[in-house]
Amino acid sequence: MSSTVLPPRRRSGMRRRSARLGWAFASPALLVVAAVMIFPIVFSVIMSANHVQVSGNGFQLSGFTGSNYSILLHAPRFWHDLEFTVLYTVFTVAVEMVLGTLIALVLERLTTGRGWMMALLLMPWALITVVSAELWAYVYNGVYGVLDAFLGDFGVHDLNVLGTPMQASIAMAVADVWKTTPFVAIMVLAGLVMLPSEVVEAARVDGANGWTVFWRIRLPLLRPALAVAVLFRILQAFGLFDLPYVLTNGGPGTSTESLAVLGYKVLFNDLEFGPGAAIAATTALIVLVFCLLFLKVFRTQVGEQED
Amino acid sequence: MARRRTRKRNLGTNFAALCIAAFVALPLYWMVASSFKGQADITSAAAVPPHPTTANYGNAFSNYSFGQYLENSAIVAVATTAIVLSLGTFAGYALARLPMRGKTTIMTVLLMISLFPTIAVVAPLYLLLRDIGWLNSYQGLVLAYTALMLPFAIWILRNFFLTIPTAMEESARVDGAGPVRTVLQVILPQALPGVFTAGVFTFVAAWTEFIIALTLNNEDRYRTIAVGIALFGGQFTTPYGTIFAASAVAMLPIALLVLVFRRAVVSGLTAGAVKG
Amino acid sequence: MTKTSRRAAAAAASAAAVLAFTAACSSSSSTTPAAPAATGSATGTITWFANQFGPTTTDVRKTLIAAFEKAYPGITVKLEQAPSDTDTYRSTLVTQISGGSSSFDVYNGDVTWPAQFAKASLALPLNSYFDQSYWNTFSNGLVSSLSYKGQTYAVPLFTDNAFLFYRKDLLAKAHLPVPTTWEQLQSEAETLQKDNLVKYGFAAQFDSYEGLTCDWTEFAADAGATSVNSDGTSSSIDTAAAQKALTFMRGLITSGVTPSAATTFQEQQSESLFTSGQVAFLRNWTYAYADSNTQGTSKVAGDVGVTNLPTFAGQTGPGYSVTGGWNLYVNPHSKNLAADVDFLKWMTGTQAQTIMAEQGGEIPTVASVLADPQVQASNPAYPVAAKNKLNARPSYVAQYSQVSQAIYTNINAALSGSVSPSAALSSANSQINSALSNSGL
């Protein structure tokens, strides 16, 4: 990648040195992550393939089994929750990326008060997730929620926002968009600001108008920043927990139950750590496929070409 | 003519900004307004508290050790952010720029770690920290958070580093700058908005995390605000007023932090504004 | 460390993981209960992990601790505040106890937990610490709900009952009697609504959560139905009687007696509909009496009456109330069992139970305390409670959590109208059966 004009032998020696330097730079972080995270994840994956009995004396694993996974594959509830989570993810990620990018463009053009705007935008994001869910539960409340009071002024009564599957899902998505879009906007804005200004100016000189510059030049250059924003959103949306847990507890019925809520109930309400771990591992696998697929479509390599 | 167009554009921009601000601020306003409503008014839809009271704030601080929780959260979040940014910057740089083998694998594994559901790793994480003897401590929580948030922070940093042109580093190298100095003095200032993003991501994640803090630290002395707020209320009641009061207080440090660091970011951002 | 987990450890992928795994799997060996100590001589400090109960204005737990420490000067009790959400609380208990934690000795736990916690050995079996005469002091039916396979795993801290709360002023205005059957309640409610005296007739907890299992169990029992058979081996929910109960509940909503938003109501929402004067009848727990009669926060203070729940026409009244409330459990890793036992004994003794009733507003578990005229005079709900016909949720099965989810998700779906009552019951039936045979989620 680094391509200054040097004789071949010196170049390869430098490459080796650079590679060593790379490992020196990366290893402290990688070691911390490995030391703390590998055991819990491996443990959880092992549990997912075992009969597990949680007990006062630790986890009793009594033999390898595929039954935790086969229970999942045969449970309509799992498939339903998967479908709900995927649809919810696709919908909210799309909405938030478009909105977030638009907000970033507005912020970029804003000449005064940008610092204050950023502080304000980060407030919902900084709100403790369960509190933000409580706030929306308070707003959507079927008895004294301000939304009902507000809509009542326009003659809309008994909307029962959280009591019907479609409305409840939309209500959740609104709460999610409110909380997370600002952070997406900040990420995209950071990307915009870091773009080399020469390229844009060159295009301007060539007579390209604002939209052309954005679509043809800035957006492609923005790809790494956008990619990380989308990944971040996929992770968040797929892990959707607090909103359904607080707003509907998955209701009506189980129509707004997400995979994370299901996993939580199976692990900590039912104390079924085998199937619970299987839900977690399956979720992780699905999100990973999702992410890699996206990166492929988006033509951003996971790692740069190792030239 | 050009000036008029600029003014028109500014008008449009300002109007759009105003709409965005309103969408973001309205629910927040509702939360803060409700935190000043007493028991009798909490079910009222009045936009201004009819009988404003600070009873909810008093309740959060006197009936619960909310001051202590705030301090704990601040210590844990600041320490986590500092460690994640210092380790993550170098790792992110290496993974963006330096010719290491297996980068694709590393990035994929990091992604896997950051997407593995936290609820499934809580129990084993508890066992791990129990064996180190770091339950009910700051360092235990900081270690767990660092490991949990580093992977994605590296992703953020690495992707932002990718957008920086390589020319600057090369001229630095030609000038004889060492690799550490190149990262600190050339890359970092260029990537400041990206570093800011990673910092905000980490700080907020540590500030709001619930299930791990709940499990690792169950002594009041080491509890964080997210856990503290979950202690509010009784069997059948959600004390919205007290929860909102506590949350309003918990938002302030973040707002202050952003306003303080705005300078650092805005310097990067102004360059963008000029060209805009 | 068990043989089986060692085998699992050997299968671990990386050497590092194996090492960590082995270390983490072996938990402290303090689980064998010490020999029962003579009570009264114990000393030391114990930690009580407890969520808030009783009124929010005064913390009755602190009153209880102060009185206990006076009676047992050698023992100090440290109160550790627990999360208010029951499921969140359970998750932290499970992780900590299974991880060998001894950071708390005695903990509050829901009345539905004994079987589940017993099966997972998260609670210490208590039979060897208390004699038969101790267990005989409690109200009927309480002790059996604490037992699993012949051992008792908790002592009952306080109990809770369901009641029918009604608006005395509205009934007087319309010259209507207090209803004793559900059918009568529905027709009286319709009359009150038609006369524009009140917006809605009846409110209860129909959200998709544990509270709906309570409400459902009562309606079903009134119709003569159960959810699980008595030996806990299979579902009994898909019957004509259950169909009758569910059809009636759905009818409350379709007739407009109960607002359709009730399918999102938990205790708090249903109670605030009542205290804001928008509903005539309310099914709720003991706390709602004092709460809805508080001047300033309730618009109907002074107009609230309390009685036993109605039953279906043709059945002998009153209707059933499920048992709620909280127990005290002992952490199997506790290092001071003698002091724990003293604490449990005292908390379920006359003095503590009287404090609980008079200052905590919770129904005492000790029969003689509940019968005490002075205690009964302290809260109009207590004499009604003494006449309540009680019915437990099927928490004698260790898979109660799954059973309850099968009940409340399907009943909620039927109440919100997305499936028919018969489809909901047949789906609940198969889910309960697969939960009991450990073959489903």
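Protein chains in written order, with our numbering: chain G, 2 to 308; chain B, 5 to 280; chain W, -15 to 425. Beta carbons: idealized from backbone N, C-alpha and C, even for Gly. Note that this is a predicted model, so its numbers are computed, not measured.
Rounded to a whole number of angstroms, what is the C-alpha to C-alpha distance between T181/G and Y68/B?
The straight-line gap from Cα to Cα measures roughly 30 angstroms.
Closer than 6 angstroms by C-beta to F214/B: which residues in its own chain qualify, once you throw out the five before and the five after it? Chain order, please.
A230, listed in sequence order.
Any beta carbon of chain G sitting closer than 9 angstroms to that of A29/B?
Interface residue, yes.
Does K283/W come out as helix, strand or coil in the three-state DSSP assignment?
Residue state, collapsed to three classes: coil.
Establish whether the CB of G84/W and some CB of chain G are separated by less than 9 angstroms.
Closer than 9 angstroms to some Cβ of chain G, the Cβ of G84/W qualifies, so yes.
Using a C-beta to C-beta distance shorter than 8 angstroms, which residues of chain G count as neighbours of V441/W?
Here chain W has residues from -15 to 425 only, and residue 441/W is not among them.
Between which two residues does the alpha helix (DSSP H) containing F52/W stretch?
Start and end: 44 to 55.
For L108/W, does the three-state DSSP call read helix, strand or coil?
Correct three-state label for L108/W: coil.
Taking the alpha-carbon positions, what's the S4/G to F164/B distance?
Interpretation of S4/G is limited by its pLDDT of 44, a score under 50 that renders its predicted location unreliable; the figure taken from the coordinates is listed afterwards. Approximately 21 angstroms, taken between the alpha carbons.
So with Cβ pairs under 9 angstroms, would you call P197/G a contact of chain W?
Output row for P197/G: interface = no.
Counting only the same chain and skipping the five closest in sequence on each side, list residues whose C-beta sits under 7 angstroms from that of S410/W.
Same-chain partners within the cutoff: D222.
Consider the Cβ of A246/W: report whether some Cβ of chain G lies at a distance smaller than 9 angstroms.
Yes, A246/W lies at the interface with chain G (some Cβ there is under 9 angstroms from its Cβ).
Looking only at DSSP bridge pairs, what is P140/W linked to?
Partner(s): N311/W.
Quick one: grab the DSSP three-state call for K373/W.
Looking at K373/W - three-state DSSP - the assignment turns out to be strand.
Give me the subset of the region 10 to 33 of chain G whose CB atoms are less than 7 angstroms from a CB atom of chain B, sorted by chain position.
Residues R16, S19, A20, L22, G23, W24, F26, A27, P29, A30, L31, V33.
What residues in the region 120 to 131 of chain G have a beta carbon less than 7 angstroms from any beta carbon of chain B?
Of all residues in the region 120 to 131 of chain G, A120, L121, L122, L123, M124, P125, W126, A127, L128, I129, T130, V131 have a Cβ within less than 7 angstroms of some Cβ in chain B.
Let me confirm a value: T79/W is counted as buried when at least 16 other C-beta atoms fall within 10 Å, else exposed. Which label applies?
Buried is the call here.
Does chain W have any CB closer than 9 angstroms to the CB of N210/G?
By this cut-off, N210/G is not an interface position.
Where do the ends of the beta strand (DSSP E) carrying Y91/W lie?
Counting along the chain, the beta strand (DSSP E) containing Y91/W begins and ends at 90 to 94.
Below 9 angstroms on C-beta distance, what does V36/B contact in chain G?
In chain order: nothing, as chain G lies at least about 10 angstroms away.
Quick one: any contact between the region 204 to 217 of chain W and the region 374 to 390 of chain W, if contact means 3 or more CB pairs under 8 angstroms?
Segments in contact, yes.
Going by the CB atoms, is the gap between S129/W and T247/W shorter than 9 angstroms?
Cβ atoms of T247/W and S129/W: not closer than 9 angstroms.
Quick one, which of N363/W, Q170/W, D199/W has its alpha-carbon nearest N396/W's?
It is D199/W whose Cα lies nearest to the Cα of N396/W.
Taking L62/G as the query, report the chain B residues whose CB atoms sit under 7 angstroms from its CB, ordered along the chain.
Simply none; closest approach about 12 angstroms.
Please name the residue, chosen from R219/G, Y141/G, L244/G, that lies closest to V200/G on a Cα-to-Cα basis.
For V200/G, the nearest C-alpha among the options comes from R219/G.
By Cβ distance, which residues of its chain are closer than 7 angstroms to T283/G, with the 5 residues on each side in sequence left out?
Taken in chain order, the residues that qualify are L73.
Less than 9 angstroms between CB atoms is the rule here; does L263/B satisfy it with respect to chain G?
For L263/B, the answer is yes, since a Cβ of chain G falls inside 9 angstroms of its Cβ.
Taking the beta strand (DSSP E) that L160/G falls in, what are its first and last residues?
From DSSP, L160/G is part of no beta strand (DSSP E); its letter is neither H nor E.
Which residues does DSSP pair with G289/W in a beta bridge?
Its beta-bridge partners are Y150/W.
Tell me which residue opens and which closes the alpha helix (DSSP H) that G96/B is part of.
Start and end: 70 to 101.
Three or more C-beta pairs closer than 8 angstroms, one from the region 86 to 99 of chain B and one from the region 147 to 162 of chain B: is that the case here?
With the cut-off at 8 angstroms, the region 86 to 99 of chain B and the region 147 to 162 of chain B touch.
Helix or strand or just coil, what does DSSP make of A412/W?
The answer is helix: DSSP assigns A412/W an H, G or I state.
Output yes if chain W places a C-beta closer than 9 angstroms to the C-beta of F79/G; else output no.
It does: the Cβ of F79/G has a partner Cβ on chain W nearer than 9 angstroms.
How long is the line joining the alpha carbons of V94/G and L293/G, rounded to whole angstroms?
Roughly 16 angstroms separates the two Cα atoms.
Can you give me the Cβ contacts of L235/B inside the same chain, cut-off strictly under 7 angstroms, excluding the 5 residues immediately before and after it?
So the list reads Y68, once near-sequence residues are dropped.
Specify, as a first and last residue, the run of the alpha helix (DSSP H) that H81/G falls within.
Where H81/G is concerned, the enclosing alpha helix (DSSP H) stretches over 77 to 110.
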